[in-house]
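First to last, the sequence lines map onto chains A and B. Residues 584 to 937 (my numbering) are what the first sequence spells out, left to right. Residues 584 to 937 (my numbering) are what the second sequence spells out, left to right. Even glycine gets a Cβ: it sits at the ideal position worked out from N, Cα and C. Model, not experiment: these values are computed from the prediction.
Protein chains: 2
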Amino acid sequence: MRVSAGRDQPSRAVTLRDVARLAEVSTATASKALNGRPDVNPGTRARVLAAAERLSFSPNAMARGLSAGRSGTVGLLTSDLEGRFSLPILMGAEDAFGADRTSLFLCDARGDAIREQHHLRALLSRQVDGLIVVGARPDSRRSLGPNLPVPVVYAYSPSQDAADLSIVCDNVAGGRLAVDHLLACGRTRIAHITGDPGYGASHDRARGARDRLAEAGLELVGDGVWFGSWTESWGRRATRLLLEQTRELDAVFAGSDQIARGVLDVLQEEGLRVPEDVQVIGFDNWEVIAGESRPALSTVDMQLEALGRRAAQSLTAAIAGNPGAGTVELGCRVVQRDSTTPRGNDRDLPPRPG
Amino acid sequence: MRVSAGRDQPSRAVTLRDVARLAEVSTATASKALNGRPDVNPGTRARVLAAAERLSFSPNAMARGLSAGRSGTVGLLTSDLEGRFSLPILMGAEDAFGADRTSLFLCDARGDAIREQHHLRALLSRQVDGLIVVGARPDSRRSLGPNLPVPVVYAYSPSQDAADLSIVCDNVAGGRLAVDHLLACGRTRIAHITGDPGYGASHDRARGARDRLAEAGLELVGDGVWFGSWTESWGRRATRLLLEQTRELDAVFAGSDQIARGVLDVLQEEGLRVPEDVQVIGFDNWEVIAGESRPALSTVDMQLEALGRRAAQSLTAAIAGNPGAGTVELGCRVVQRDSTTPRGNDRDLPPRPG
Chain A
584 MRVSAGRDQP SRAVTLRDVA RLAEVSTATA SKALNGRPDV NPGTRARVLA
634 AAERLSFSPN AMARGLSAGR SGTVGLLTSD LEGRFSLPIL MGAEDAFGAD
684 RTSLFLCDAR GDAIREQHHL RALLSRQVDG LIVVGARPDS RRSLGPNLPV
734 PVVYAYSPSQ DAADLSIVCD NVAGGRLAVD HLLACGRTRI AHITGDPGYG
784 ASHDRARGAR DRLAEAGLEL VGDGVWFGSW TESWGRRATR LLLEQTRELD
834 AVFAGSDQIA RGVLDVLQEE GLRVPEDVQV IGFDNWEVIA GESRPALSTV
884 DMQLEALGRR AAQSLTAAIA GNPGAGTVEL GCRVVQRDST TPRGNDRDLP
934 PRPG
Chain B
584 MRVSAGRDQP SRAVTLRDVA RLAEVSTATA SKALNGRPDV NPGTRARVLA
634 AAERLSFSPN AMARGLSAGR SGTVGLLTSD LEGRFSLPIL MGAEDAFGAD
684 RTSLFLCDAR GDAIREQHHL RALLSRQVDG LIVVGARPDS RRSLGPNLPV
734 PVVYAYSPSQ DAADLSIVCD NVAGGRLAVD HLLACGRTRI AHITGDPGYG
784 ASHDRARGAR DRLAEAGLEL VGDGVWFGSW TESWGRRATR LLLEQTRELD
834 AVFAGSDQIA RGVLDVLQEE GLRVPEDVQV IGFDNWEVIA GESRPALSTV
884 DMQLEALGRR AAQSLTAAIA GNPGAGTVEL GCRVVQRDST TPRGNDRDLP
934 PRPG
């Protein structure tokens, strides 16, 4: 039996609605029965299964029927489950899709291309409607290619192929924002201690910081950027080395909250009060570090949940036939806690551009 | 066309091998072509698709054919993606399944029963072979029920239904182990500062600690267990209160690494040297906290990756027709860093039982 749609449309596949109609149940009940859920009367279930068989209705057809060509499932392929960046992106994406309408299946590739290919095939064979690919770090990554059967949005790590759509954090703007905040706190002798120089993000944040300082006619103190690793112990070591070189500083911009925490500890061990003598701002807004520091740490938040929401919205548009391309950079915000103290007014601020 | 197997076997479903044979390609190529992968010659793909159509071969049948009745996909339903406990369990499970043979799809229910049901339906409609359900905390959780079409293993949080199989961490043994280690360091005046009393784990760890002390003829110092929250700031506050009450202590067992870190900081601020005057052991082995403490923190490791591996092995057995039941408790181990110093010998140790 083929079900014929309106006269101007081609004949269409059997839908869940057809099965439900034939079985004389609601589509919700038909769905439950076909999904093997326990809360369906056995007689009803048998009727639904018989109707599905009579109509040659398959689960894939069902998934298509449920939501006008959509299975209601999206794959999230991450290479950073151990890091802290995938999870807020996942949360934001789930919120945007609506957890009652879409299921997000997360697969962890651990930065391994073979594993990624394996997961990709598994997700595609399960007829996901689209994919969000989350990188381990904000550096660009190779594209999955143009020939996939479903739309893809890259999040956090941009694709190297400009024909792909990538949603990323603007780390240059994040660095600017950190220095902007310290300037608004009346600070002008600012040092910058950051993480691994192998990460594009550390260079981007440093560039933003330097650009904003230059606009105020200032330079970093401490002889440039202190690159090292993304750890507290580097924050401690770098601060000791910095203080040996100069004590003429009134603020530190740290490239991560973990680094900032090491900075805070050593500044105070060396008799410098935070925020009175030296103010400190971190990067990440990682609550368990920033909220538990002494004093609690002001920091730059990459707003990864918003990034996840945006990725989900873009993927939804692409699934509906409106794909995007290029790299979209989203902004950061400052979360102020107790390690910085902005002035009530900005009469004494260094000049801002424009 | 039906393919007939050996004479003693009933006729069987069409497999990928049948499709590959008819299309005159390898099963790997047939699989690629049917999965929509780009690295297949278009002519080859057309031949494979024609063969699949002629044999009425469906993707579900393919999945079954690939691995003797298995789709090679397992669902991991977690309610703790924000916590740190699901991820190592996921990693361990993936390792045990073999990432080249099984894809783990992780769905995040965020502790919400409706969301959990939605994800459960989505996973079941994608024909997963089985489910691992990871709880947010080590307290028991309600069962998904006996009527699911695939086997389920509960990990970290045990199911309330004894007919289910649960793999959990033995927190009583973990508490014993912490005290055992401090006794082996020659310590006898041990205080215990722990987290939220609403968690079964905090009571279990405290019970294990007390039991081990009692076996040595000892009690907790500081007037019993200090319950609070799982935070550094509680560790700091509790330590101050404890030191106001007594300075007659030579060790602290902290119920988490975050608490332990607060304990370390305040002990040293109060002029007590760690480990010379007071030794400290934490719980969790959370590297970014324990490894970066000063001194680096000795701690109890719940071995969550091993727990994940065991859950995967049990699920594999259940899928193969050998389900288990009841709650399996796995042991912990001590990771020694610099906040404790075991003696070279145990001549002076308090008596151990039996």
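Original post:
For Val755/A, which of helix, strand or coil comes out of DSSP?
Top reply: On the first sequence, position 172 is the one that residue 755/A refers to. Note: Val755/A maps to helix in three-state DSSP.
Subject >> Segment contact flag, the stretch 758-769 of chain A with the stretch 819-829 of chain A, C-beta cutoff 8 Å, min 3 pairs >> reply: no
Original post:
Using a Cβ-Cβ distance under 8 Å, would Gly718/A count as near chain B?
Top reply: Sequence index remark: in the first sequence, residue 718/A carries index 135 (1-based). Gly718/A does not count as touching chain B.
**OP:** Would you please verify whether the beta carbon of Thr610/A is less than 8 Å from any beta carbon of chain B?
**Re:** The count along the first sequence starts at 1 and reaches residue 610/A at position 27. No, no contact with chain B.
Original post:
chain A partners of Gln896/B, CB-CB under 8 Å?
Top reply: Sequence index remark: in the second sequence, residue 896/B carries index 313 (1-based). Those within 8 Å of Gln896/B in chain A number zero; the least Cβ separation is about 19 Å.
**OP:** Could you name the residues of the same chain whose beta carbon sits closer than 7 Å to that of Val918/B, not counting the 5 residues immediately before and after it, in chain order?
**Re:** By 1-based counting over the second sequence, the position of residue 918/B is 335. Only Asn868, Ser881, Thr882, Asp884 meet the Cβ criterion.
**OP:** Would you mind stating whether Arg892/B and Ala738/B have Cβ atoms separated by less than 8 Å?
**Re:** Working through the second sequence from its first residue, we reach residue 892/B at position 309. Working through the second sequence from its first residue, we reach residue 738/B at position 155. Cβ distance not < 8 Å, so Arg892/B and Ala738/B don't count as in contact.
Original post:
Out of Asn624/A, Arg793/A, Arg916/A, which has the shortest C-alpha to C-alpha gap to Arg772/A?
Top reply: Translated into positions along the first sequence, residue 772/A becomes position 189. Of Asn624/A, Arg793/A, Arg916/A, the residue nearest in Cα terms is Arg793/A.
Original post:
Residues of chain B with CB under 8 Å from Ser816/A, in chain order?
Top reply: Here residue 816/A refers to the residue found at position 233 of the first sequence. Near Ser816/A (Cβ distances below 8 Å), the residues of chain B are Glu875.
Original post:
Considering only residues of the stretch 788-860 of chain B, which uninterrupted alpha helix (DSSP H) runs meet the minimum length of 4 residues and lie entirely inside it, listed in chain order?
Top reply: 815-828, 840-852
**OP:** Can you say whether Glu802/A is buried or exposed, counting buried as having 16 or more other CB atoms within 10 angstroms of its CB?
**Re:** Translated into the one-based positions of the first sequence, residue 802/A becomes position 219. Classification of Glu802/A: exposed, given that the 10 Å Cβ count is below 16.
**OP:** Within its chain, find whatever has a CB closer than 7 Å to the CB of Ser812/A; leave out the 5 residues flanking it on each side and keep chain order.
**Re:** As a first step, residue 812/A must be located in the first sequence, where it is residue number 229. Excluding residues within five positions, the ones whose Cβ falls inside 7 Å are Gly778, Asp779.
Subject >> Close-in-space but distant-in-sequence residues of the same chain around Asp663/A (CB under 6 Å, 5 per side omitted) >> reply: Here residue 663/A is taken as the residue at index 80 of the first sequence, counted from 1. Around Asp663/A: Ser669, Ala719.
**OP:** Determine the chain B residues that contact Ser686/A at a beta-carbon separation under 7 Å, and present them in chain order.
**Re:** Working through the first sequence from its first residue, we reach residue 686/A at position 103. Correct list: Cys690, His701, His702, Ala705.
Original post:
Considering only the beta carbon of each residue, do Ala546/A and Gly818/A sit closer than 8 Å?
Top reply: A question about residue 546/A goes unanswered here, because the residues of chain A that appear run from 584 up to 937.
**OP:** Let me know the secondary structure DSSP gives Asp763/B once reduced to three states.
**Re:** By 1-based counting over the second sequence, the position of residue 763/B is 180. In the structure shown, Asp763/B sits in a helix (DSSP, three-state: H, G or I).
Original post:
Looking at the C-beta of Leu632/A, does it have a partner C-beta in chain B at a distance below 8 Å?
Top reply: Indexing the first sequence from 1 puts residue 632/A at position 49. Not an interface residue.
Original post:
What three-state label does DSSP hand Gly536/B in the structure shown?
Top reply: Residue 536/B is absent from the structure shown; chain B starts at 584 and stops at 937.
Subject >> Cβ-based contacts, 9 Å cut-off: residues of the stretch 827-861 of chain A near chain B >> reply: Gln841, Arg844, Gly845, Asp848
Original post:
So with Cβ pairs under 8 Å, would you call Arg709/B a contact of chain A?
Top reply: Here residue 709/B corresponds to residue number 126 of the second sequence, with the count starting at 1. Judged by the 8 Å Cβ criterion, Arg709/B is in contact with chain A.
Original post:
Between the stretch 687-696 of chain A and the stretch 901-909 of chain A, do three or more beta carbon pairs fall short of 8 Å?
Top reply: no
Subject >> Sufficient close CB pairs (3 or more, under 8 Å) joining the stretch 855-874 of chain A to the stretch 705-714 of chain A >> reply: no
**OP:** Kindly list the residues whose CB is nearer than 6 Å to the CB of Gly713/B, restricted to its own chain and excluding five residues on each side of it in sequence; keep chain order.
**Re:** As a working note, residue 713/B is residue 130 in the second sequence. Taken in chain order, the residues that qualify are Val657, Val733, Pro734, Leu898, Ile902.
**OP:** Scan the stretch 645-720 of chain A and note each continuous alpha helix (DSSP H) run of 4 residues or more that stays entirely inside, going in chain order.
**Re:** 669-680, 696-708
Subject >> Other residues of its chain near Arg628/B: CB distance less than 7 Å, five sequence neighbours each side excluded >> reply: Numbered from its first residue, the second sequence carries residue 628/B at position 45. Around Arg628/B: Ala616.
**OP:** Pick helix, strand or coil for Thr910/B, following the three-state DSSP scheme.
**Re:** Along the second sequence, one-based indexing puts residue 910/B at 327. The answer is strand: DSSP assigns Thr910/B an E or B state.
Subject >> Beta carbon proximity, Val871/A to chain B, threshold 8 Å >> reply: As a position in the first sequence, residue 871/A is number 288, starting the count at 1. Interface residue, yes.
Original post:
When we look at the beta-carbon of Arg698/B and count the other beta-carbons within 10 Å, is it buried (16 or more) or exposed?
Top reply: One-based indexing of the second sequence puts residue 698/B at position 115. It counts as buried.
Subject >> Alpha-carbon to alpha-carbon, Ala746/A and Thr910/A >> reply: On the first sequence, position 327 is the one that residue 910/A refers to. On the first sequence, position 163 is the one that residue 746/A refers to. Rounded to the nearest angstrom, the two C-alpha atoms are 9 Å apart.
Subject >> C-alpha gap between Gly907/B and Ser922/B, whole angstroms >> reply: Position 324 of the second sequence, counting from 1, holds the residue named residue 907/B. Position 339 of the second sequence, counting from 1, holds the residue named residue 922/B. Distance between the alpha carbons of Gly907/B and Ser922/B: 41 Å.
Original post:
If we ignore side chains and look at the alpha-carbon of each, how far apart do Asp722/A and Gln700/B end up?
Top reply: Position 139 of the first sequence, counted from the first residue, corresponds to residue 722/A. Position 117 of the second sequence, counted from the first residue, corresponds to residue 700/B. One C-alpha to the other measures close to 37 Å.
**OP:** Out of Val711/A, Ala797/A, Trp809/A, state which residue places its alpha-carbon closest to the alpha-carbon of Val835/A.
**Re:** Counting from 1 along the first sequence, the entry for residue 835/A is found at position 252. Among Val711/A, Ala797/A, Trp809/A, the Cα nearest to that of Val835/A is on Trp809/A.
**OP:** Measure from the C-beta of Glu677/A to each C-beta in chain B and report whether the shortest distance is under 8 Å.
**Re:** As a first step, residue 677/A is located in the first sequence; it is residue number 94 there, counting from the start. Yes, Glu677/A counts as interfacial toward chain B.
Original post:
For chain B, is any of its Cβ atoms less than 8 Å away from the one on Thr882/A?
Top reply: Looking up residue 882/A in the first sequence gives position 299. Answer no: the Cβ-Cβ gap between Thr882/A and chain B never drops below 8 Å.
Subject >> Glu888/A to Pro671/A span [Cα, whole Å] >> reply: As a working note, residue 888/A is residue 305 in the first sequence. As a working note, residue 671/A is residue 88 in the first sequence. Looking at the two C-alpha atoms, the distance is approximately 5 Å.
Original post:
DSSP three-state call for Gly626/B: helix, strand or coil?
Top reply: In the second sequence, counting from the first residue as 1, residue 626/B sits at position 43. DSSP places Gly626/B in helix when its eight states are reduced to three.
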